[in-house]
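One structure is given below, encoded as structure tokens.
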Amino acid sequence: MMKKKSISSSKASLVLFLCQMISALDVPLDSKLLEELSQPPTITQQSPKDYIVDPRENIVIQCEAKGKPPPSFSWTRNGTHFDIDKDAQVTMKPNSGTLVINIMNGGKAEAYEGVYQCTARNERGAAISNNIVIRPSRSPLWTKEKLEPNQVREGDSLVLHCRPPVGLPPPIIFWMDNAFQRLPQSERVSQGLNGDLYFSNVQPEDTREDYICYARFNHTQTIQQKQPISVKVFSMDSLNDTIAANLSDTDIYGAKPVTERQPILLTPTGSTSTKVELRGNVLLLECIAAGLPTPVIRWIKEGGELPANRTFFENFKKTLKIIDVSEADSGNYKCIARNILGSAHHVISVTVKAAPYWITAPRNLVLSPGEDGTLICRANGNPKPNISWLANGVPIAIAPEDPSRKVDGDTIIFSHVQERSSAVYQCNASNEYGYLLANAFVNILAEPPRILTPANKLYQVIADSPALLDCAYFGSPKPEIEWFKGVKGSILRGNEYIFHDNGTLEIPVAQKDSAGTYTCVARNELGKIQNEVQLEVKDPTMIIKQPEYKVIQRYGQVSFECIIKHDSTLLPTVTWLKDNDELPDDERFLIGKDNLTIMNVTDKDDGTYTCIVNTTLDSVSASAVLTVVARPNPPFDLELTGQLERSVELSWIPGDENNSPITNFVIEYEDGLHEPGVWHYQTEVPGTQTTIQLKLSPYVNYSFRVIAVNEIGRSQPSEPSEQYLTKSANPDENPSNVQGIGSEPDNLVITWESLKGFQSNGPGLQYKVSWRQKDVDDEWTSVIVANVSKYIVSGTPTFVPYEIKVQALNDLGYAPEPSEVIGHSGEDLPMVAPGNVQVHVINSTLAKVHWDPVPLKTVRGHLQGYKVYYWKVQSLSRRSKRHVEKKILTFRGNKTFGMLPGLEPYSSYKLNVRVVNGKGEGPASPDKVFKTPEGVPSSPSFLKITNPTLNSLTLEWGLPTHPNGVLTSYILKFQPINNTHELGPLVEIRIPANESSLILKNLNYSTRYKFYFNAQTSVGSGSQITEEAVTIMDEAGILRPAVGAGKGYSETLFATSPVMHTVRPTFYKVQPLYPRIRNVTTAAAETYANISWEYEGPDHVNFYVEYGVAGSKEDWKKEIVNGSRSFFVLKGLTPGTAYKVRVGAEGLSGFRSSEDVFETGPAMASRQVDIATQGWFIGLMCAVALLILILLIVCFIRRNKGGKYPVKEKEDAHADPEIQPMKEDDGTFGEYSDAEDHKPLKKGSRTPSDRTVKKEDSDDSLVDYGEGVNGQFNEDGSFIGQYSGKKEKEPAEGNESSEAPSPVNAMNSFV
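Sequential numbering of the sequence shown, starting at 373, is according to my numbering.
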């Protein structure tokens, strides 16, 4: 079965009803349909039943009706036909029943008073209007009357009667004076409902001659005025004076003074009264009482409560007003008037009657031929109304007979109606208080089905929401409705659909698959019709990123996000609201596509912000609260109470916390006597406290201020409080930090921290300074000094202890007795040196020194410790003296030994020891000589591989920079590397210490070799240096020689022929050699340097240059090279400074060149002439460049022929080996990594190469033994290393200066 449900008016917005009866037809108000359907008349507009007209204007009596065919109109007047054609003053509007009676052209309104009724008639029946009673309004004048003056005694009651003329409608009454000002009213003087003016008791100020009552007739807009009324009030004093003047002395008669009186009611009179009011009207009950003092009125309902929400008190509670009264409001209402002398009351019995009112008014009935129906007319009232029926305006008892009609009291029953049964029926319900008249037609129609919904109407809904598809229809008999999905789909049934009586199909939860074409079919016995509608289901609009709660500081910026997702076919609009209202018209509010931004936030921006997204089908919203916080406003209204000598109570009122709770209050004070304008911290209290008891000091002129603090910050200080000057007193405390330290051997300097101004406690602050020598039976020596902080005692013995005390005093007396402190007179230098100095050498870099302590009496001061001075005399391996570089180690307290770290192996040292006190150092002990044993050497200063042939390579090397002993030999290890970067077997060769070169023969041709080279002493092997080279393929392939820098980063690859190995060795996998950067050269000027290099490896590499001050531990500075150039200019360098530089490639991990060192030229005077712009200089440079070019050509020719450069020439050119300093490895070489170099080598190899020149200094460090270079003491008594000066360069000794620089470097030096 199909499920049916009555649709609400909101859902059936397209379907309007003419009637609603069981088995009756609903006739939609479709304009086209209504034009075609016959319909009896219906009254649509009429004048009110009681129609009061303005006699000066035309009278318009309305009567409008509709029907098909259009109805004709007629009127009755006072129950008889009103022939309007016979009265020239009366016309009827075209196509209307409205009458217009022309009064303005000579007619009189009084002539047309009467009861009028309109009838609208067509072929299907007649409808009638209410009985309309026409009465012209009246505003008559006051009747002439002579008004006597009212003379009344003070305190008596008075009523001034208005008695306005009877008008239609009744006038509105009010009292005014001659100046048209309303007379003031109060509990004592007020106007009653009848218009009279009541005085509960008169007072002398009530005397006046212009009490005027006005009547305003609203209908005619006129005001009538009564004659002025005079009131004269006699007071008791004036009345007694008048009486005394007219009576003899023997008369003892006199007026009584004003006496108080208990209340009596002026209106209503008596103890009870009655009141009848109609249901739905406003009930007004009034009680006005006389009495002195003025009575107060109170209202109660006997046996019940006054109705809530409908009860009001007016006219100073003298009038009880109940609106919309009903029968339940009937009962006894009591008013009680009371003053201090008693009370009076009155009971009003209220009866609520009711004119007729509808319970069920008859409704229009549309039936098909042969159907049944009913008209019901039910009304109520008090008394109960009589119900009577009319048919087409005629009482039904005398109306034409209709066999299908039967009257049963308030109901007419229709059975098996025919088309001739159409008529208009009137129901009249009446009682003594009024009547009700209702028209309801019975229309008999026979019509085939019609569908009123437009064809192919498109409905769009949001998924998961209801879809209502309309099928507005009409037919008689009432058609049956069926729905189909699709043109040829099956009929829709089941719980997933709801079928409404008006033809609407409801899909409670529409899904995407609900979309499509739906067909509505309407059929009755007269025919069948169908209509199609379309349904589209859209995705819902969603806010996927909602605005969030924000807390922002004042003047900040805040943004709320509102990111939405919607159906692509719907166009959303985003609206922002603040507190459910439009955003302020302020340029600070910026609305973006997905956000709202508020710039420069202020306090008024605080509130709730809502993002509303609307489409044509749905709407979503999301809200967030913005809280604007700021530092609190300053406190105010500071008040000092409870002033005592040493305390006062401070209270204040907090300022606005600006949405961030106040956490605490800071109290500050100003001493206007000693430090005016300077505010000091006093204390602070929690944010919930607004009063505090403050402790005070004597002799201070206090002012206080309060600062509020919240999470945002501190408020501005409050306004200062009133000043409060405390009384003077003796000082409470003495100076602090009293010390006695001699500045000279024969004095004692006593110092202390002076009292601050408020600590003086009174005027005349001074100090009593006392001292005496400790452990000596001496009296105190005292002196009183002014407000200072130092006193010097002269003529004291050297470094003697003293007892010292400093006492404060002012004009009122002394502070409490001060405590004593111990001080010493001045120190002198120690007298003797430590003795029995012994040195024990622990290893080649560490020694321990011992000494005997000096007697404390000879220290002549505070013993601070001992200093050990030590220095290197000479290196035993070089046999030459060097510049003396003294180092100092300080040892805390009375320590008698210490460790000397950082010594150089195989060297001769001297040291001495001195005692130290606060004055300085004592004499030095005799110098003690000791020697350090040999150590392992540093790595050779360089390793070069030259002169490659088919089967040989030439190796040259330099002595270690630090031999650290007598060299015994060199160890050379090498192994081949094949094309797959695997390492072959390791070969080891021992070389005598006096050799500086070696030719390796019988090598494989076209083979790469890796070499490891280090020096040895009797102690062991030093750190090694590594290098690689390649033998050539044949003689024709010999390349020019190249020199390595000892790091494996800037060597040239060579080739020789194979001779040495006849069997191919086993190889081990290593990293590829390429890419690499080599031959980094520099040409430096005063403030810039040209850097160039050679690169081998893949194309399209981006280079960078790193540089820094040589010897500095600062980070390297990095410059990016533009493109793939092999040169770069460093600018902004400091003149006369040594720099280190290296080149690297971007993207190649750890790949960069070895370091090079250069020095910029000295700074030139600014007044010097730039010779680079001089013609002679330019010519000279051109000649030098030409000469260099010729030399380079000769060099290359000699290299290609296998020649060598004389070593001696290079030694003479560069005698100082430090011109080419040893270069430290700080990265991987080529494509070899440290990780690969540290792998164990096969065939008994002891040490893998790390390609790093190791640091030859000892691992011992001053940091391990001392406290730093400033000679401070550690708390545990250990010493601090201190160097007396920078290290000088050591002079070259022996073979150390015989290093031969490479030809390539020699050529670079020309550039």
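All C-beta atoms in this analysis are idealised placements derived from N, C-alpha and C, irrespective of residue type, glycine included. Small disclaimer: the values here were computed from a predicted structure and weren't measured.
Secondary structure at LEU877, three-state DSSP: helix, strand or coil?
Your numbering for residue 877 matches position 505 in the sequence shown. Of the three classes helix, strand and coil, the one that applies to LEU877 here is strand, per DSSP.
Can you look up LEU1045 in the DSSP assignment and give me helix, strand or coil?
Here residue 1045 refers to the residue found at position 673 when the sequence shown is read from its first residue. Coil, per DSSP.
Taking the straight line between their C-alpha atoms, what separation do you get for ALA1080 and VAL1038?
As a working mapping, residue 1080 is identified with position 708 in the sequence shown. As a working mapping, residue 1038 is identified with position 666 in the sequence shown. Distance between the alpha carbons of ALA1080 and VAL1038 is about 6 Å.
Do you know how far the Cα of ASN687 is from the Cα of PRO912?
To locate residue 912, count along the sequence shown from 1; it is residue 540. To locate residue 687, count along the sequence shown from 1; it is residue 315. If you take the alpha carbons of PRO912 and ASN687, they lie about 60 Å apart.
Check THR1063 in the structure and name its three-state DSSP category.
Translated into the one-based positions of the sequence shown, residue 1063 becomes position 691. Residue state, collapsed to three classes: strand.
For LYS1627, which residues of its own chain have a beta-carbon under 7 Å away from its beta-carbon, when the five flanking residues on both sides are left out?
Taking the sequence shown and counting its residues from 1, the one referred to as residue 1627 is at position 1255. Here LYS1627 scores only 38 on pLDDT, less than 50, and its place in the model is too uncertain to base an answer on.
Helix, strand or coil: how does DSSP classify SER1555 here?
Position 1183 of the sequence shown, counted from the start, is the residue given in the question as residue 1555. Residue identity differs from the one stated: residue 1555 is Ala in this sequence, not Ser. If DSSP states are grouped into helix, strand and coil, ALA1555 belongs with the helices.
Quick check: what's the CA-CA separation for SER620 versus ILE545?
What you label residue 620 is simply residue 248 of the sequence shown in a count that begins at 1. What you label residue 545 is simply residue 173 of the sequence shown in a count that begins at 1. Because the pLDDT at SER620 is just 47, under 50, the model does not fix this residue reliably, and the value given afterwards should be weighed accordingly. Roughly 50 Å separates the two Cα atoms.
Measuring straight from C-alpha to C-alpha, what distance separates ASN573 and GLN593?
Here residue 573 refers to the residue found at position 201 of the sequence shown. Here residue 593 refers to the residue found at position 221 of the sequence shown. Their backbone Cα atoms lie some 35 Å apart in a straight line.
Within a Cβ cutoff of 6 Å, which residues of the same chain sit near ASN494, ignoring the five residues on either side of it in sequence?
Residue mapping note: residue 494 aligns to position 122 of the sequence shown, counting from 1. These residues qualify, in order along the chain: PRO413, GLY439, PRO441, PRO443.
Determine the burial state of ARG554: buried for a count of at least 16 other Cβ atoms within 10 Å of its Cβ, exposed for fewer.
Mapped onto the sequence shown, residue 554 falls at position 182. ARG554 comes out exposed.
What is the DSSP secondary structure of LYS822, counted as helix, strand or coil?
Against the sequence shown, residue 822 aligns to sequence position 450. The amino acid occupying residue 822 in the given sequence is Arg; Lys does not appear at that position. Strand.
If you reduce the DSSP assignment to three classes, tell me which class LYS1229 lands in.
In the sequence shown, counting from the first residue as 1, residue 1229 sits at position 857. LYS1229 falls in the helix class under three-state DSSP.
Anyone know if the C-beta pair for PRO1117 and THR1170 falls short of 9 Å?
By 1-based counting over the sequence shown, the position of residue 1117 is 745. By 1-based counting over the sequence shown, the position of residue 1170 is 798. Yes.
How about THR947 and ASN986: are their beta carbons less than 9 Å apart?
By one-based count along the sequence shown, residue 947 stands at place 575. By one-based count along the sequence shown, residue 986 stands at place 614. Yes, the pair counts as a contact, with Cβ atoms nearer than the cut-off.
Would you tell me roughly how many angstroms separate the C-alpha atoms of SER702 and VAL722, rounded to the nearest one?
Locating residue 702 in the sequence shown gives position 330, counting from the first residue. Locating residue 722 in the sequence shown gives position 350, counting from the first residue. Cα-Cα distance, rounded: 5 Å.
How is the beta strand (DSSP E) around ILE584 delimited, first residue to last?
One-based indexing of the sequence shown puts residue 584 at position 212. Residues 580-589.
Just verifying my parser: in three-state terms, what is the DSSP assignment at ILE834?
Counting from 1 along the sequence shown, the entry for residue 834 is found at position 462. Correct three-state label for ILE834: strand.
Tell me the rounded alpha-carbon separation between ALA769 and ASN800.
Your numbering for residue 769 matches position 397 in the sequence shown. Your numbering for residue 800 matches position 428 in the sequence shown. The straight-line gap from Cα to Cα measures roughly 14 Å.
Assuming ALA1457 and GLY1533 make a contact with CB atoms under 8 Å, what is their CB distance in whole Å?
Taking the first residue of the sequence shown as position 1, residue 1457 is located at position 1085. Taking the first residue of the sequence shown as position 1, residue 1533 is located at position 1161. ALA1457 to GLY1533, Cβ: 6 Å. Contact.
I need the straight-line Cα distance from GLN1145 to GLY1185, nearest angstrom please.
For the purposes of this step, residue 1145 is taken as the residue at position 773 of the sequence shown. For the purposes of this step, residue 1185 is taken as the residue at position 813 of the sequence shown. The straight-line gap from Cα to Cα measures roughly 27 Å.
Taking DSSP's pairing of strands, which residues face LYS850 in a bridge?
Numbered from its first residue, the sequence shown carries residue 850 at position 478. Paired residue(s): none; LYS850 is not in a bridge.
So GLU1328 and LYS1316 are supposed to be a Cβ contact under 8 Å. How far apart are they, rounded?
In the sequence shown, counting from the first residue as 1, residue 1328 sits at position 956. In the sequence shown, counting from the first residue as 1, residue 1316 sits at position 944. GLU1328 to LYS1316, Cβ: 5 Å. Contact.
Can you give me the start and stop residues for the beta strand (DSSP E) that SER1341 sits inside?
Along the sequence shown, one-based indexing puts residue 1341 at 969. Residues 1339-1349.
Under 6 Å Cβ to Cβ from SER1069, same chain only, skipping five residues before and after it: list those, please.
Taking the sequence shown and counting its residues from 1, the one referred to as residue 1069 is at position 697. Only PHE1130 meet the Cβ criterion.
So, helix, strand or coil for ASP842, using DSSP?
Mapped onto the sequence shown, residue 842 falls at position 470. Reduced to three states, the DSSP call for ASP842 is coil.
For PHE1037, which of helix, strand or coil comes out of DSSP?
The count along the sequence shown starts at 1 and reaches residue 1037 at position 665. Residue state, collapsed to three classes: strand.
Would you mind working out which of ALA1387, GLY1495, LEU1355, THR1318 sits nearest ASN1366, comparing C-alpha positions?
Your numbering for residue 1366 matches position 994 in the sequence shown. Comparing Cα positions, the closest option is ALA1387.
Taking 6 Å as the limit between beta carbons, can you name the residues of its chain near GLU1531, skipping five residues before and five after?
For the purposes of this step, residue 1531 is identified with residue 1159 of the sequence shown, where counting begins at 1. Cβ within range, chain order: ALA1510.
Since ARG865 is in the beta strand (DSSP E), which residue starts that stretch and which ends it?
Start at 1 with the first residue of the sequence shown, and residue 865 comes out as number 493. Neither: ARG865 is in no beta strand (DSSP E) and is coded neither H nor E.
Are GLY888 and ILE853 touching if we call contact CB-CB under 9 Å?
Here residue 888 refers to the residue found at position 516 when the sequence shown is read from its first residue. Here residue 853 refers to the residue found at position 481 when the sequence shown is read from its first residue. Not closer than 9 Å, so no.
Excluding the 5 residues flanking VAL1057 on each side, which residues of the same chain have their C-beta closer than 6 Å to its C-beta?
Stepping through the sequence shown from its first residue, residue 1057 is reached at position 685. Answer for VAL1057: PHE1037, ILE1064, listed in chain order.
Touching or not, the segment 1120-1139 and the segment 1041-1059, by the rule of three or more beta carbon pairs under 8 Å?
Cβ pair count under 8 Å is three or more, so yes.
Do ALA1158 and TYR1139 count as a contact pair if the criterion is CB distance below 9 Å?
Your numbering for residue 1139 matches position 767 in the sequence shown. Your numbering for residue 1158 matches position 786 in the sequence shown. Yes, the Cβ-Cβ distance between TYR1139 and ALA1158 is below 9 Å.
List the residues that DSSP assigns as beta-bridge partners of GLU1466.
Sequence index remark: in the sequence shown, residue 1466 carries index 1094 (1-based). Per DSSP, ARG1450.
Taking only the alpha-carbon atoms, compute the straight-line gap between GLU1091 and SER931 and give it to the nearest angstrom.
By 1-based counting over the sequence shown, the position of residue 1091 is 719. By 1-based counting over the sequence shown, the position of residue 931 is 559. So the alpha carbons of these two residues sit roughly 37 Å apart.
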